[in-house]
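Notes to accompany the following structure.
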Amino acid sequence: MSVLPIATVQEIPGVISIFSNIVVLGIFVKYKELRTATNAIIINLAFTDIGVSGIGYPMSAASDLHGSWKFGYTGCQIYAALNIFFGMASIGLLTVVAVDRYLTICRPDIGRRMTTRNYAALILAAWINAVFWASMPTVGWAGYAPDPTGATCTVNWRKNDVSFVSYTMSVIAVNFVVPLTVMFYCYYNVSRTMKQYTSSNCLESINMDWSDQVDVTKMSVVMIVMFLVAWSPYSIVCLWSSFGDPKKISPAMAIIAPLFAKSSTFYNPCIYVIANKKFRRAILAMVRCQTRQEITISNALPMTVSLSALTS
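All residue numbers for the sequence shown refer to the numbering used here, where the first residue is 4 and numbers rise by one.
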């Protein structure tokens, strides 16, 4: 495969991701009633997608065209650190989404007491965690280096020493196993609670728009499943490097793994549109240039929370 098609493959999703996530942010800017505490999670996810798209795709595409890594040692460290940073932030924020769904549906007594500060603290924790893990290779725990294809920079999985293995295992434990355990627990209980409410025909007594909650929960689950699909090849490469022979990793796998990881940046907006009718209503209104007086978007988009819960 020539370098031009590879570069083109990276540029197209990058452009789509930046444009679609800017549209997402634009919707929240235009409709003030959508700027709730829980929607801040989606806004932050859009920023992580824009970060990867605005940095990852252009630099890797330019390196493809150049035939090797084009931006030197410093550029390699910045590129790899930012990609790890935004990736770790994404999975942290998706974990916050799962916790929000659990509290809203399974523990409404707690969910109603959640304040803007509570949500801000959870979101900030996801960003701080991402900063820590992205910065560790720059100070000597593992390291960043160009991959064998020369198209990208990432954790130096070709040097599978004790430092790399300990870093990789720690990242997988803290940013993969623990979040997945939390997500599974939350969504398992959400599913049980929703079935109980539906079977007992007591939805009228619940102070929430149940159809909205179903939409949001489905959207959240799809987002997490797609995130796992995107990052699984990269995780496999790291595990293979830790416990096997890195030299046996094929060039195709070395190219596919980071491409899959970065693909998570452009399908989240598609999931919002497909899975949530309020988001579809808002984006159609924006495309048609309707004024705020011409469209009514009640509650929150795409997550809902009691208005009383937004008081600090």
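Even glycine gets a Cβ: it sits at the ideal position worked out from N, Cα and C.
Closer than 8 angstroms is the cut-off here; do at least three beta carbon pairs connect the stretch 131-149 with the stretch 75-83? The stretch 131-149 and the stretch 75-83 touch, with no fewer than 3 CB-CB distances between them shorter than 8 angstroms.
Taking 8 angstroms as the cut-off, decide whether the C-beta atoms of Pro254 and Pro151 are in contact. Your numbering for residue 254 matches position 251 in the sequence shown. Your numbering for residue 151 matches position 148 in the sequence shown. For the pair Pro254 and Pro151, the CB atoms are nearer than the 8 angstroms cut-off.
Quick one: measure Cβ to Cβ for Ile131 and Leu96, integer angstroms, because I've assumed they're closer than 8 angstroms. Reading the sequence shown from its first residue, position 128 is the one you call residue 131. Reading the sequence shown from its first residue, position 93 is the one you call residue 96. Contact between Ile131 and Leu96 fails: their C-beta atoms lie close to 12 angstroms from each other, not under 8 angstroms.
How many Å lie between Ala183 and Ile94 at the Cα? Your numbering for residue 183 matches position 180 in the sequence shown. Your numbering for residue 94 matches position 91 in the sequence shown. Here residue 183 turns out to be Leu, not Ala, going by the sequence shown. Taken atom to atom, the span from the alpha-carbon of Leu183 to that of Ile94 is near 9 angstroms.
For Thr196 and Asn210, the rounded distance between their alpha carbons: On the sequence shown, residue 210 is found 207 positions in, with the first residue counted as 1. On the sequence shown, residue 196 is found 193 positions in, with the first residue counted as 1. In this prediction, Asn210 scores a pLDDT of 48, lower than 50, which makes its location untrustworthy; the coordinate-derived value is nonetheless stated afterwards. Distance from the CA atom of Asn210 to the CA atom of Thr196, rounded to whole angstroms, is 15 angstroms.
Nearest to Ser23 (by Cα), restricted to the options Thr268, Ala285, Gly146, Val102: One-based indexing of the sequence shown puts residue 23 at position 20. The option with the nearest alpha carbon to Ser23 is Thr268.
In three-state terms, what does DSSP make of Ala148? As a working mapping, residue 148 is identified with position 145 in the sequence shown. Strand at Ala148.
To the nearest angstrom, how far is the alpha carbon of Ala145 from that of Ile87? Taking the first residue of the sequence shown as 1, we reach residue 145 at position 142. Taking the first residue of the sequence shown as 1, we reach residue 87 at position 84. C-alpha separation (whole angstroms): 13 angstroms.
Assuming Cys189 and Ala285 make a contact with CB atoms under 8 angstroms, what is their CB distance in whole Å? Taking the sequence shown and counting its residues from 1, the one referred to as residue 189 is at position 186. Taking the sequence shown and counting its residues from 1, the one referred to as residue 285 is at position 282. No, Cys189 and Ala285 are not in contact; Cβ-Cβ is about 26 angstroms, not under 8 angstroms.
contact_flag[the stretch 56-66, the stretch 102-112] where n(CB pairs < 8 angstroms) is 3 or more: No: the two stretches stay apart, fewer than three of their Cβ pairs being nearer than 8 angstroms.
Between the alpha carbons of Val168 and Arg38, how many angstroms are there, rounded? On the sequence shown, position 165 is the one that residue 168 refers to. On the sequence shown, position 35 is the one that residue 38 refers to. In a straight line, the C-alpha of Val168 is about 42 angstroms away from that of Arg38.
Contact belief for Met117 with Leu106 at Cβ below 8 angstroms, rounded distance in angstroms: Residue numbering aside, residue 117 sits at position 114 when the sequence shown is read from its first letter. Residue numbering aside, residue 106 sits at position 103 when the sequence shown is read from its first letter. For Met117 against Leu106, the beta-carbon gap comes to about 6 angstroms, under 8 angstroms, which counts as contact.
Beta-carbon of Val185 versus every beta-carbon of chain C: anything under 8 angstroms? Here chain C cannot be found, since the structure has a single protein chain.
Status (buried if at least 16 other CB within 10 Å, exposed otherwise) for Ser71: Counting from one through the sequence shown, the residue named residue 71 turns up at place 68. Note on Ser71: under 16 other CB atoms within 10 angstroms of its CB, so exposed under the neighbour-count rule.
How is Cys156 classed by DSSP in three states: helix, strand or coil? Position 153 of the sequence shown, counted from the start, is the residue given in the question as residue 156. Cys156 falls in the strand class under three-state DSSP.
Ser66 to Thr51, Cα distance in whole Å? As a first step, residue 66 is located in the sequence shown; it is residue number 63 there, counting from the start. As a first step, residue 51 is located in the sequence shown; it is residue number 48 there, counting from the start. Put simply, the backbone Cα of Ser66 is about 22 angstroms away from that of Thr51.
Which of helix, strand or coil DSSP assigns to Leu7: Stepping through the sequence shown from its first residue, residue 7 is reached at position 4. Per-residue confidence for Leu7 stands at a pLDDT of 47, beneath the threshold of 50, marking its modelled position as unreliable; the derived number appears in the next sentence. When secondary structure is reduced to three states using DSSP, Leu7 falls in the helix class.
Using the C-alpha atoms, what's the distance from Asp112 back to Phe230? Along the sequence shown, read from residue 1 onward, the residue named residue 230 stands at position 227. Along the sequence shown, read from residue 1 onward, the residue named residue 112 stands at position 109. Looking at the two C-alpha atoms, the distance is approximately 30 angstroms.
Which one of Val18, Ile21, Lys33, Ile25 has the shortest CA to CA distance from Gln288? On the sequence shown, residue 288 is found 285 positions in, with the first residue counted as 1. At residue 288 the sequence reads Ala, which differs from the Gln that was named. Of the candidates Val18, Ile21, Lys33, Ile25, the one whose C-alpha sits nearest the C-alpha of Ala288 is Lys33.
From which residue to which residue does the alpha helix (DSSP H) around Gly247 run? One-based indexing of the sequence shown puts residue 247 at position 244. Premise fails: Gly247 is in no alpha helix (DSSP H) and is neither H nor E.
Let me know if Tyr76 comes out buried or exposed under the rule of 16 or more other beta-carbons within 10 Å of its beta-carbon. Along the sequence shown, read from residue 1 onward, the residue named residue 76 stands at position 73. Result: exposed.
Going by the beta-carbon positions, is the gap between Ala257 and Trp234 smaller than 8 angstroms? Here the question's residue 257 lines up with position 254 in the sequence shown. Here the question's residue 234 lines up with position 231 in the sequence shown. Taking 8 angstroms as the Cβ cut-off, Ala257 and Trp234 do not qualify as a contacting pair.
Which residue from Lys221, Lys251, Lys250 puts its Cα closest to that of Asn271? The residue labelled residue 271 in the question sits at position 268 within the sequence shown. Check the Cα spacing between Asn271 and each of Lys221, Lys251, Lys250: the tightest is with Lys221.
What first and last residue would you give for the alpha helix (DSSP H) that runs through Ala176? To locate residue 176, count along the sequence shown from 1; it is residue 173. That residue, Ala176, is in no alpha helix (DSSP H); it is neither H nor E in DSSP.
Suppose the cutoff is 7 angstroms on Cβ atoms and the five residues either side in sequence are ignored; what does the same chain contact list for Ala92 look like? Within the sequence shown, the letter at position 89 stands for residue 92. Take Ala92, set aside five residues on each side of it, and the residues of its chain with a beta-carbon closer than 7 angstroms to its own are Thr51, Ala129, Trp130, Ala133, in chain order.
Selection from Asn121, Ile21, Thr157 that minimises the alpha carbon distance to Val240: Counting from 1 along the sequence shown, the entry for residue 240 is found at position 237. Val240 has its Cα closest to that of Thr157, out of Asn121, Ile21, Thr157.
What do you get for Ala154, buried or exposed, if any count of 16 or more other CB atoms within 10 angstroms of its CB means buried? In the sequence shown, residue 154 corresponds to position 151, counting from 1. Burial is judged here by how many other beta carbons sit within 10 angstroms of a residue's own beta carbon; Ala154 has at least 16 and is buried.
Around the C-beta of Tyr147, are 16 or more other C-beta atoms found within 10 angstroms, so that it is buried, or is it exposed? For this step, residue 147 is matched to residue 144 along the sequence shown. Counting other Cβ atoms within 10 Å of its Cβ, Tyr147 reaches 16 or more and is therefore classed as buried.
Measure the alpha-carbon distance for Gly54 versus Phe89 and round it to whole angstroms. One-based indexing of the sequence shown puts residue 54 at position 51. One-based indexing of the sequence shown puts residue 89 at position 86. For the pair Gly54 and Phe89, the Cα-to-Cα distance works out to about 7 angstroms.
So, under 8 angstroms CB-CB, Met226 and Ile274 are touching, yes? Tell me the CB distance rounded to an integer number of Å. Stepping through the sequence shown from its first residue, residue 226 is reached at position 223. Stepping through the sequence shown from its first residue, residue 274 is reached at position 271. So it is a contact: roughly 5 angstroms between Cβ atoms.
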